Amino acid sequence: ILKKSSNVGMSKIALDLPKEELHDTLQRFGFGAQPTLLFPGEVAGRLRPAANWARADHAAVSYGYGISVTLMQLASAYATLANKGEYVEPTLLADQVPRVEQVADAEHVHAVAQMLEAVVGPGGTAQRAHIDGYSVAGKTGTTLKLTAAGYEGGVYQSLFVGFAPAQNPRVVVAVLVDEPRAGEYYGGVVAAPIFAQIMSKTLRLLGIIPEHLEAKT
Numbered sequence: 022i023l024k025k026s027s028n029v030g031m032s033k034i035a036l037d038l039p040k041e042e043l044h045d046t047l048q049r050f051g052f053g054a055q056p057t058l059l060f061p062g063e064v065a066g067r068l069r070p071a072a073n074w075a076r077a078d079h080a081a082v083s084y085g086y087g088i089s090v091t092l093m094q095l096a097s098a099y100a101t102l103a104n105k106g107e108y109v110e111p112t113l114l115a116d117q118v119p120r121v122e123q124v125a126d127a128e129h130v131h132a133v134a135q136m137l138e139a140v141v142g143p144g145g146t147a148q149r150a151h152i153d154g155y156s157v158a159g160k161t162g163t164t165l166k167l168t169a170a171g172y173e174g175g176v177y178q179s180l181f182v183g184f185a186p187a188q189n190p191r192v193v194v195a196v197l198v199d200e201p202r203a204g205e206y207y208g209g210v211v212a213a214p215i216f217a218q219i220m221s222k223t224l225r226l227l228g229i230i231p232e233h234l235e236a237k238t
């Protein structure tokens, strides 16, 4: 489901879960939370109470519709996956002491992180996020853009969020391309290559040794 980005598969899993449980999990990962960075223009995103979800909402939330999130919230959620289920409240200043909370079972989170590696591997939707020498875990996203009038047909936002090295994460990078106009709009085509460029340079600047060397033909 993750490798091929199947909305149908996500919906089936979501509908097997009580909607309150799904809502609680999203909330624990920081979605719908009030801003804490105190950065000008920061917003909370929107996560409606589970009691207000119709069956269609219950399904759609699982693949990113019916909920609005900020790019910082997405990055923070992936950092929680990288941190084995430990949520670390985002901060902008190095001397700030963040709130830390274990919000998910470490074993379950590790299993999900391993699945996210397949997204970047052969047959996955984000092969362009591959970085020579390093393992990468992440997920593509392609959404219709939400406006005051609702979702706008033919206008997209393209996403890729991931972390590396996948087995010993050091960095999370979140990329959002707003209204791509070069003829392509899928996250794996538009956002994933940008992620690869940023992450590759970041890992090298930090002196993180490659996990393996790939033979060139």
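Going by the working numbering, the sequence shown opens with residue 22, and the numbers climb by one from there. Where is the CB? At the ideal position from N, CA and C, for every residue including glycine. From a predicted model like this one, the values you see are computed outputs, not experimental measurements.
Point to revise | Reference GLY154; option with closest CA among GLU200, ALA217 and LEU92 | key: Taking the first residue of the sequence shown as 1, we reach residue 154 at position 133. The residue with the shortest Cα to Cα distance from GLY154 is ALA217.
Check your understanding: If we ignore side chains and look at the alpha-carbon of each, how far apart do ILE34 and VAL130 end up?
Key -> What you label residue 34 is simply residue 13 of the sequence shown in a count that begins at 1. What you label residue 130 is simply residue 109 of the sequence shown in a count that begins at 1. Near 16 Å, if we compare the C-alpha coordinates of VAL130 and ILE34.
Exercise for review: Determine the DSSP secondary structure at LYS24, reduced to helix, strand or coil.
Suggested key: Taking the sequence shown and counting its residues from 1, the one referred to as residue 24 is at position 3. Coil at LYS24, not helix or strand.
Review point. Quick one: what does DSSP say ASP199 is sitting in, helix, strand or coil?
Key: Sequence index remark: in the sequence shown, residue 199 carries index 178 (1-based). Three-state DSSP puts ASP199 in a strand.
Exercise for review: Under 7 Å Cβ to Cβ from SER179, same chain only, skipping five residues before and after it: list those, please.
Suggested key: The residue you call residue 179 lines up with position 158 of the sequence shown. The answer, listed in chain order, is THR163, VAL198, PRO201, TYR206, TYR207, GLY208, VAL211 and ALA212.
Review point. Is it right to say ARG149 is buried, meaning 16 or more other beta carbons lie within 10 angstroms of its own, or is it exposed?
Key: For the purposes of this step, residue 149 is identified with residue 128 of the sequence shown, where counting begins at 1. Buried, by the Cβ-count rule.
Point to revise | Element boundaries [alpha helix (DSSP H), containing TYR108] | key: Locating residue 108 in the sequence shown gives position 87, counting from the first residue. That residue, TYR108, is in no alpha helix (DSSP H); its beta strand (DSSP E) goes 107-109.
Exercise for review: Note down the Cα distance separating VAL140 from ASP37, rounded to an integer number of angstroms.
Suggested key: As a first step, residue 140 must be located in the sequence shown, where it is residue number 119. As a first step, residue 37 must be located in the sequence shown, where it is residue number 16. The straight-line gap from Cα to Cα measures roughly 24 Å.
Check your understanding: Quick one: is LEU227 buried, meaning 16 or more other Cβ sit within 10 Å of its Cβ, or exposed?
Key -> In the sequence shown, counting from the first residue as 1, residue 227 sits at position 206. When all chains shown are included, LEU227 counts as exposed.
Exercise for review: Would you be able to state if there are at least three C-beta pairs under 8 Å between the segment 96-109 and the segment 65-82?
Suggested key: no
Review point. Residues bridged to LYS166 by DSSP?
Key: The residue given as residue 166 occupies position 145 in the sequence shown. Answer by DSSP bridge pairing, in chain order: GLU173.
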